[in-house]
Every structure is written in C-alpha cells, then in structure tokens.
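Peer 1:
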Amino acid sequence: MREIVHIQAGQCGNQIGTKFWEVISDEHGIDPAGGYVGDSPLQLERINVYYNESSSQKYVPRAILVDLEPGTMDSVRSGPFGQLFRPDNFIFGMYIIVCYKCWLNLSSRLCWSLEYILQQTAEINCLFLSTAG
C-alpha cells in the first residue's frame with residue numbers, strides 16, 4: 001500500500017493543508033481528536049495512505065507543518081483539527097527570513113521530523129508539498 005508524507009510550508013501552504021486534512025478526515029470518519037467515528041469499513045480500508053495509527057488507536061496525519069512565522073502555526077493549532085497533528089511536527093521560527101541561523105535551525109528540525117515519519121513508514125510512495133508564493 002502506498003504511503004504519503006504531506007509537508008505544508010508557509011502561510012498559504014498551511015491554510016491549504018489544514019483544509020485538506022479537514023476534508024480527508026471527514027471522508028475517512030476521523031474526528032478532530034484523531035478517533036474513528038465513521039460508520040463504514042470502507043473508510044478505514046486505505047486510511048494508512050495518509051495517517052499513522054498510534055498505540056492509543058488514534059489516527060495521526062503523516063504531515064509536517066513549517067513556517068517562519070509562529071502565528072500561522074498558532075492559527076492551525078487553535079483550529080478545529082489542530083489537535084490532530086503531532087506537536088513535534090509543527091516547525092516554526094523567527095519571522096526574519098534572511099536570518100541564516102534561523103533557517104539552519106528550522107531545516108535541521110524539518111529533517112529530524114521527516115526522518116522520524118519516514119522511519120515509521122513501511123512503503124513511502126511520495127512526499128506531497130503544499131505551498132504557494
């Protein structure tokens with residue numbers, strides 16, 4: 001079965017990505033806390049394409065959310081599906097885009113999160129990047 005890692009970058013990428021997760025969660029019967037509330041076994045048939053199942057039977061998106069501005073991450077976290085994501089996969093830094101040290105810090109955290117997700121993935125099929133600008 002294919003498995004997809006979704007990387008959302010920037011304000012627009014995170015807004016698009018957040019809407020994507022709302023729609024895909026609804027299609028698979030996943031509530032905002034990651035629990036299955038669907039009514040059809042077909043909803044769970046291909047759920048592993050986008051989600052990892054935790055030890056507590058919660059479904060966690062295979063996603064990394066990145067932005068230099070923490071305000072974008074705050075709006076995602078406070079949104080209806082903000083608790084769905086792993087806290088470690090919110091990667092944000094200072095708003096100063098020309099700050100080389102800031103980018104190095106963000107890129108190392110991004111690589112760590114991506115490596116963590118890939119280690120849990122049996123058959124990675126693709127990386128999906130959601131961004132604009």
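Each residue of the sequence shown is one higher than the one before, counting from 1 in full-length UniProt numbering.
C-beta atoms are modelled at their ideal positions from N, C-alpha and C, and glycine is treated no differently.
Once the 5 residues before and after G79 are set aside, which same chain residues still bring their CB inside 7 Å of it?
Peer 2: Closer than 7 Å at the Cβ level, and outside the excluded window around G79, lie T18.
Peer 1: R62: buried (16+ other C-beta within 10 angstroms of its C-beta) or exposed?
Peer 2: Per the 10 Å Cβ criterion, buried.
Peer 1: Report the start-end ranges of each alpha helix (DSSP H) in the UniProt domain "Tubulin/FtsZ GTPase" (3-93) that is 4 residues or longer and not cut off at the edges.
Peer 2: 10-28, 42-45 and 70-77, all fully within the UniProt domain "Tubulin/FtsZ GTPase" (3-93).
Peer 1: Contact between the region 69-77 and the region 41-49 is defined here as three or more beta-carbon pairs at a separation below 8 Å; is this criterion met?
Peer 2: With the cut-off at 8 Å, the region 69-77 and the region 41-49 do not touch.
Peer 1: Shortest alpha-carbon distance to P41 belongs to which of D88, H28 and G34?
Peer 2: The residue with the shortest Cα to Cα distance from P41 is H28.
Peer 1: Suppose contacts are defined by Cβ-Cβ distances below 8 Å. Is K58 in contact with G38 by that definition?
Peer 2: Not closer than 8 Å, so no.
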